[in-house]
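Going by the working numbering, the sequence shown runs without a break in its numbering and finishes at 213. Presented below is the structure to which this report refers.
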Amino acid sequence: MENKNMKLSELSYKYINLLETGQKYMELMNKYRCAIMEVETKLNVLNAEFSMQYDRNPFESIKSRLKSPVSIIEKLLRKDPDLMPEGMEESIEKNLYDVAGIRVICAFQEDIYSLADLLIQQDDIRLIRTKDYIKNPKPNGYRSLHLILEVPVFLKSGKTPVKVEVQFRTIAMDFWASVDHKLRYKKNLPNEEEIVEKLRQCANVIAGLDNEMQEIRSMIETGDQRQD
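Dropping the structure here:
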């Protein structure tokens, strides 16, 4: 196993260098950047419409990123250890759905589903896959709604479809995920099982808090409607 990992590591460094200096890779990353801008524009338009119609914003913030060359190569090699250098860019487009990533942070869980539905109903967006970790959390407590979308990008060469992963979380879910991500880099902890269990319990508490906050908002909105 150690020799196999060493071989993969050597391949990773070789392929990373080839990617970072390759024109095809630069062009591919530009397509992913354009796809991110397309989705961000759509989300900002929805946000503006919500703000005008309902006097509130459906989301708090948007974060975006491109997967690093290191992460791209490591994931490709896990999928295909026999990956050839001349086929890397094609393999990225075919096998990786999360090179372009957008994270949408909402205050309320209800807004996650409303915003996601409005986004995927747009006629130039194709929904490829949904993973709902809010209704079906991961065993460690992770919660988020993941959509893999395909959006058209209009370049000089013409229109081309590009995949983008969009994650929707509440503020509380994002806080938990950020802390969990940092703690996962701590290795060989003597009390690791206890820490994992505490994190899972915290995730359940945060989910309860999200539900309570949603209920409070519903009570306020119901009261406003009665006054009208």
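Quick reminder that beta carbons are idealized off the backbone N, C-alpha and C, glycines included.
Looking at C-alpha atoms only, which residue of His131, Ser56, Lys141 is the closest neighbour of Ile119? In the sequence shown, residue 119 corresponds to position 134, counting from 1. Nearest C-alpha to Ile119: His131.
How long is the line joining the alpha carbons of Leu28 and Ile113, rounded to whole angstroms? Taking the first residue of the sequence shown as position 1, residue 28 is located at position 43. Taking the first residue of the sequence shown as position 1, residue 113 is located at position 128. Each residue's alpha carbon lies about 18 angstroms from the other.
Can you grab the Cα-Cα spacing for the pair Ala92 / Ala157, in whole Å? Counting from one through the sequence shown, the residue named residue 92 turns up at place 107. Counting from one through the sequence shown, the residue named residue 157 turns up at place 172. Distance between the alpha carbons of Ala92 and Ala157: 8 angstroms.
Which one of Val181, Gly86, Ser36 has the shortest CA to CA distance from Lys167? Sequence index remark: in the sequence shown, residue 167 carries index 182 (1-based). Of Val181, Gly86, Ser36, the residue nearest in Cα terms is Val181.
Among the candidates Met37, Ile1, Lys48, whose CA atom is the shortest distance from the CA of Gln264? Past the edges of the chain, shown from -14 to 213, lies residue 264, and the structure says nothing about it.
Is the number of C-beta pairs between the segment 60 to 76 and the segment 15 to 29 that are closer than 8 angstroms three or more? Cβ pair count under 8 angstroms is below three, so no.
May I have the straight-line CA-CA distance separating Glu150 from Leu103, to the nearest angstrom? For the purposes of this step, residue 150 is taken as residue 165 along the sequence shown, with counting starting at 1. For the purposes of this step, residue 103 is taken as residue 118 along the sequence shown, with counting starting at 1. Each residue's alpha carbon lies about 16 angstroms from the other.
What does Arg154 pair with, by DSSP beta-bridge criteria? In the sequence shown, residue 154 corresponds to position 169, counting from 1. Partner residues in the beta bridge of Arg154, as assigned by DSSP, are Ile90.
When DSSP labels each residue in this structure, what does Pro66 get in the three-state scheme? Looking up residue 66 in the sequence shown gives position 81. Of the three classes helix, strand and coil, the one that applies to Pro66 here is coil, per DSSP.
Residue from Glu45, Gln107, Leu51 whose Cα sits closest to the Cα of Ile90: The residue you call residue 90 lines up with position 105 of the sequence shown. Nearest C-alpha to Ile90 among Glu45, Gln107, Leu51: Glu45.
Would you tell me roughly how many angstroms separate the C-alpha atoms of Glu12 and Gln106, rounded to the nearest one? The count along the sequence shown starts at 1 and reaches residue 12 at position 27. The count along the sequence shown starts at 1 and reaches residue 106 at position 121. Straight-line Cα distance between these residues: approximately 29 angstroms.
Roughly how many angstroms lie between the CA atoms of Lys9 and Glu200, to the nearest whole one? Position 24 of the sequence shown, counted from the start, is the residue given in the question as residue 9. Position 215 of the sequence shown, counted from the start, is the residue given in the question as residue 200. If you draw a straight line from the Cα of Lys9 to the Cα of Glu200, it is about 50 angstroms long.
Any idea if Ala33 is buried or exposed, counting beta-carbon neighbours within 10 angstroms, 16 or more meaning buried? The count along the sequence shown starts at 1 and reaches residue 33 at position 48. By the neighbour-count criterion, in which a residue is buried when 16 or more other Cβ atoms sit within 10 angstroms of its Cβ, Ala33 is exposed.
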